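If you want it as structure tokens, here you go:
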């Protein structure tokens with residue numbers, strides 16, 4: 014490896030390093046987990062989600078931009094390399110449907126589907142207004158020490174529903190509102206937004222003020238903003254809101270919204286999470 | 014065909030006919046669209062969703078019951094037969110991940126993923142209480158004539174956000190609440206619940222009081238109830254609530270909840286819908 018390449022790699026943003034995929038054939042890639050995004054077991058799910066999206070975005074046959082993305086976490090990724098495939102299974106005049114798979118040692122670790130489409134100007138309106146909240150600069154950084162590495166990659170300023178200070182079983186609701194963005198400056202893009210959709214800590218920790226083992230099993234992101242709109246936001250803050258609707262039989266759901274600081278709904282997202290209780 | 018078979022087929026509930034799949038190999042099936050569920054173009058999407066789920070439920074290797082189901086409508090189904098495949102791509106100790114595909118004439122018309130799991134007793138709570146609404150018996154049937162055949166298969170009693178009486182462009186919100194169940198008595202089951210998640214008419218018709226061409230492109234259902242709980246409800250009414258969060262660049266999202274008459278959240282669901290405007 015030449016010195017010039019090394020410098021370029023070292024200067025790359027940790028998120029870009031983590032979602033990088035090297036194509037070995039059309040729609041076939043290899044990637045590797047990044048220690049910078051290590052979670053309790055395997056990497057932060059938001060980054061794996063972004064990797065699945067990146068496999069679509071890098072495909073030479075791509076039509077348009079993502080509208081819907083669903084990822085299924087089939088198993089925890091082991092630290093190290095993984096394979097990824099993205100296949101456009103149906104291309105229409107203005108929409109395209111994708112099937113994506115991530116694998117390690119011959120075993121599927123993630124399945125995903127995506128729908129991309131040409132964005133065009135239409136009538137539009139936001140029906141979920143951004144809640145009235147203090148500006149990011151009026152909210153302090155939390156003073157707890159991250160327990161896992163990936164949390165250091167994000168600034169998170171909690172307005173409501175922060176991690177419980179006392180794990181005393183006294184939770185009463187499951188709603189969190191926070192300002193968030195990557196810690197190291199990086200312009201917001203589609204992969205970055207997909208990852209932000211998974212930044213929220215598990216709803217059950219808030220609802221029960223009890224730390225139980227959890228793991229997301231499926232997540233969907235609907236993109237209401239395209240890459241051009243995101244680029245205008247630069248390294249801007251994103252307001253995230255998340256809450257659960259039901260905890261039942263070892264699984265709870267999470268419904269989430271992501272707004273720009275200017276109040277535009279950039280994406281909404283849903284996930285279902287395994288819990289042990 | 015013998016007379017006995019004919020009688021049996023005629024006696025079958027139209028929904029069961031519509032979602033029936035004949036296996037030709039493990040995880041490989043053939044089915045056919047049903048005129049009873051005809052929509053403007055192709056069949057009612059809820060039935061196609063139920064077909065995808067049925068391909069999983071009929072698989073001999075099935076583990077547990079559905080927790081998450083995502084379907085992607087890649088193209089309108091043509092009237093007639095279709096092929097379906099369901100593959101368990103990863104089986105863990107208590108969860109299983111599925112990839113499903115529906116095709117016609119060698120072209121993919123639907124992709125789907127599902128996660129099934131053994132339901133077990135745990136701590137649980139509903140965080141999205143059923144809204145206070147009149148009982149189904151206190152709400153009249155609508156007096157408009159269905160424009161498409163599938164609508165006749167469902168009783169729908171609108172509490173809020175019915176189809177606009179005047180298509181005058183005067184819509185102000187996107188929320189519908191209605192009591193719903195199949196018109197011909199049939200005990201609620203997992204496939205029936207998946208179909209109910211798609212009964213809501215397009216949110217943009219309500220929001221703009223304008224009838225524009227639409228088509229669901231992706232839908233996700235999270236199941237909070239299992240088959241045993243559903244069986245207890247029999248041919249009961251289900252309260253449906255749906256609203257949009259954003260209409261932008263030719264796509265809007267819908268977020269929906271489905272409660273039993275007793276107030277249990279049976280499922281929540283999300284979809285993203287193409288619109289022409």
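Protein chains in written order, with my numbering: chain A, 14 to 290; chain B, 14 to 290.
Glycine included, each C-beta is placed from N, C-alpha and C at the ideal position.
Just so it is clear, the structure is predicted and the values come from calculations on it, not from any experiment.
Counting every other CB atom within 10 Å of its CB across the protein chains shown gives residue 183 (chain B) a total below 16, marking it as exposed.
Sequence-ordered contacts of the stretch 141 to 173 of chain B with chain A read 141 [C-beta pairs closer than 9 Å]. Less than 9 Å divides the Cβ of residue 143 (chain A) from the Cβ of residue 278 (chain A). A Cβ-Cβ distance of about 4 Å is found for the pair residue 87 (chain A) and residue 110 (chain B), placing them in contact under the 8 Å criterion.
At least one beta carbon of chain A lies nearer than 9 Å to the beta carbon of residue 134 (chain B). Contact of residue 69 (chain B) with chain A is not assigned, every C-beta pair being separated by 9 Å or more.
Using beta-carbon distances, residue 120 (chain A) counts as an interface residue toward chain B, with a partner under 9 Å. When the beta-carbon positions are compared, residue 161 (chain A) and residue 114 (chain B) stay at least 9 Å from each other.
Taking C-beta separations shorter than 6 Å and ignoring five residues to either side along the sequence, the partners of residue 159 (chain B) in its chain run 165, following chain order. Burial state of residue 270 (chain A) is buried, judged by a 10 Å Cβ sphere holding 16 or more other Cβ atoms. Look at residue 202 (chain A): its C-beta is not under 9 Å from any C-beta on chain B. If the five residues before and after residue 76 (chain B) are omitted, its C-beta is found closer than 8 Å to the C-beta atoms of 101, 104, 107, 108, 109, 129, 130, 131, all from its own chain and listed in chain order. Residue 229 (chain A) carries a strand assignment under DSSP once its states are collapsed to helix, strand and coil. For the stretch 256 to 272 of chain A, the set of residues with a beta-carbon nearer than 8 Å to any beta-carbon of chain B comprises 256, 257, 258, 259, 260, 261, 262, 263, 264, 266, 268, 270, in chain order.
Within the stretch 97 to 108 of chain B, the residues whose Cβ lies closer than 7 Å to some Cβ of chain A are 102, 103, 105, 108, listed in chain order. Only exposed fits residue 133 (chain B), as fewer than 16 other CB atoms lie within 10 angstroms of its CB.
For the stretch 44 to 58 of chain B, no residue has a beta-carbon sitting nearer than 8 Å to a beta-carbon of chain A. When only Cα atoms are considered, residue 140 (chain B) and residue 259 (chain A) end up about 5 Å apart. Proximity to residue 225 (chain B) across B:65, B:48, B:53 peaks at B:53, based on C-alpha coordinates. Counting along the chain, the unbroken beta strand (DSSP E) around residue 252 (chain B) starts and ends at 251 to 256. Restricting attention to A:266, A:117, A:154, the CA atom closest to the CA of residue 237 (chain B) is found in A:266. Per the coordinates, the alpha-carbon of residue 65 (chain B) lies some 16 Å from the alpha-carbon of residue 37 (chain B). Under the three-state reduction of DSSP output, residue 144 (chain A) falls in the coil class, being neither helix nor strand.
Residue environment analysis places residue 275 (chain A) among the exposed positions, since fewer than 16 neighbouring C-beta atoms fall within 10 angstroms of its C-beta. Comparing alpha-carbon positions, the option among B:120, B:251, B:204, B:281 lying closest to residue 170 (chain B) turns out to be B:251. In chain order, 258, 259 make up the part of chain A whose C-beta sits under 7 Å from the C-beta of residue 278 (chain B). The alpha-carbon of residue 223 (chain A) is positioned some 7 Å away from that of residue 181 (chain A).
Chain B places no beta carbon closer than 9 Å to that of residue 26 (chain A), leaving this residue out of the contacts. For the set B:253, B:49, B:289, the Cα lying nearest the Cα of residue 191 (chain B) is the one of B:253. Residue B:67 holds the alpha-carbon nearest to the alpha-carbon of residue 40 (chain B) among B:227, B:228, B:67, B:264.
Collapsing the DSSP output to three states places residue 214 (chain B) in coil. One Cα belongs to residue 256 (chain A), the other to residue 215 (chain B), and the distance between them is close to 25 Å. Think of a sphere of 9 Å around the beta carbon of residue 220 (chain B): the chain A residues whose beta carbon falls inside it are 138, 140, in chain order. The bridge partners DSSP lists for residue 79 (chain A) are A:129. Shown here, residue 150 (chain A) sits in a helix according to DSSP, grouped into three states. For residue 245 (chain B), the three-state secondary structure derived from DSSP is helix.
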